[in-house]
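The structure appears right after this line, and notes come after that.
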Amino acid sequence: MFNAITHSQLYVLDQDEAVDFYVGKLGLEVNTDVDLGFMRWLTVNVPGAPDRQILLQLPGGPQMSEQTAEQVRDLVTKGALGTVILTTSDCRKTYEELRAKGVEFTQEPVEQPYGVDCGIRDPFGNHIRFTEPRTA
Amino acid sequence: MSRATEDTNRRMLRARDTMDRAYAEPLDVPALARVAHVSPAHFTRTFRATFGETPHRYLQRRRVERAMSLLRETDRSVTDISYEVGFGSPGTFSRTFRDIVGRSPRQYRKEARATGVPTCFTMAWTRPRD
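In order, the protein sequences belong to chains A and B.
Counting from 1, one number per residue, gives the positions in the first sequence under the UniProt record's numbering.
Counting from 1, one number per residue, gives the positions in the second sequence under the UniProt record's numbering.
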C-alpha cells in the first residue's frame, strides 16, 4: 500500500508573497521553485525534512475556469480553505519570534492535553497551527 | 470577484479571528471595525455579507462554544463561566446559551462528556449553529 505523504497543497494568491511568509517569517525552506512555463512549481519544507513538502499553488490554470478560480480565492480569503499543522520544540518561544515579525495570530499558545499549541494565518487566509507535543 | 473583494474578505477574517482569539474581552462593533479598517456601519453590513451572520451573533456563538468546553471539562460554576467567556451577566449568558444550544448550561453539563480529539477540531465542530 502507501509509504508516505510527500506533498500537501495550499492555495496562495501570490507566490512571491508566499515565499516571504513561509520562508522569510516561518523559517521553512524552499524545496523546489521552478518555472515550468505553464506553472511555477513552488514547494517548501521544514528544515531538515525535505520528504514532506507543501505545494504553494495559485488558483487558476487551464483546469479551472476563471469563475472557479475566483471562488477559490474567495474561500481562501474567508479562511474557509487550507490548514497545515507543524510541530515545534518550543511553542511559546516560536510564538514570541513570530509575533515580533508581525505574524497574525488566531490563537495564542494554549495548554492542551496533547501539548502546547497556537494558531496563525498566512497572508492569504490559510490557517496554520503549530504544536509543541507533550513528551511522555 | 476582484482584488478589492479579496482584500475585504481578508479584513473581515482578521476581525473574525480577533473575536476567536479575544472573545472574553468587551469587543464591540467600533473596536472590530478598527481591526478591519472600515467604518462601524460598513463593518456590520460587510461582515454579514461575507460570513452570513452578524458579528454580534458570531461572537455570541464563539463565547457559547467556549462555555460549552468549560462546562464539559471543568467544575467551575455557571456564573463564573459566564463572566470568563465574556458575558456581562449570568442572565444574558443563560438566555443566549439556551437560545443557541437548546438546553440550559446545567443540562448541557450533565449530558456532555470530554472528547480526546485535537482541540482545534473540537472547537470547529462543536461551534453551535444558528
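All C-beta atoms in this analysis are idealised placements derived from N, C-alpha and C, irrespective of residue type, glycine included.
Fair warning: this is a prediction, and the values are worked out from it, not measured in the lab.
query	result
Rounded separation between Ala18 (chain A) and Met68 (chain B) - CA only	37 Å
Check: Ser2 (chain B) C-beta below 6 Å from any heavy atom of the ligand GTP	Ligands displayed in this structure: none; no statement on the ligand GTP is therefore possible.
Run of the beta strand (DSSP E) containing Gln57 (chain A), from where it starts to where it stops	53 to 57
Unbroken stretches of the beta strand (DSSP E), 3 residues or longer, contained in the region 74 to 125 of chain A	83 to 87, 104 to 112, 115 to 121
Distance between Met12 (chain B) and Thr96 (chain B) (C-alpha atoms, nearest Å)	24 Å
Touch test, the region 81 to 91 of chain A against the region 115 to 126 of chain A, Cβ-Cβ under 8 Å, three pairs minimum	yes
Assigned secondary structure, Pro62 (chain A) (DSSP; H/G/I helix, E/B strand, else coil)	coil
Contact residues within the region 67 to 79 of chain A, judged by C-beta distance below 7 Å to chain B	Glu70, Arg73, Asp74, Thr77, Lys78, Gly79
Residues of the UniProt domain "HTH araC/xylS-type" (13 to 111) of chain B whose Cβ lies closer than 8 Å to any Cβ of chain A, in chain order	Leu13, Arg14, Arg16, Asp17, Asp20, Arg21, Thr50, Phe51
Proximity below 7 Å, CB of Val29 (chain B) to CB of Thr18 (chain B)	no
Beta-carbon neighbours of Thr106 (chain A), restricted to chain B and to distances below 7 Å	Asp17, Asp20, Arg21
CB contact flag (Arg98 (chain B), Ser104 (chain B), <7 Å)	yes
Cβ-based neighbour list, Tyr22 (chain A), same chain, cut-off 6 Å, excluding 5 preceding and 5 following	Leu28, Val44
Between the CA atoms of Ser77 (chain B) and Arg40 (chain A) - distance to the nearest angstrom	56 Å
Residue ranges of each alpha helix (DSSP H) within the UniProt domain "HTH araC/xylS-type" (13 to 111) of chain B, 4 or longer	29 to 36, 40 to 51, 55 to 73, 78 to 84, 90 to 101, 105 to 111
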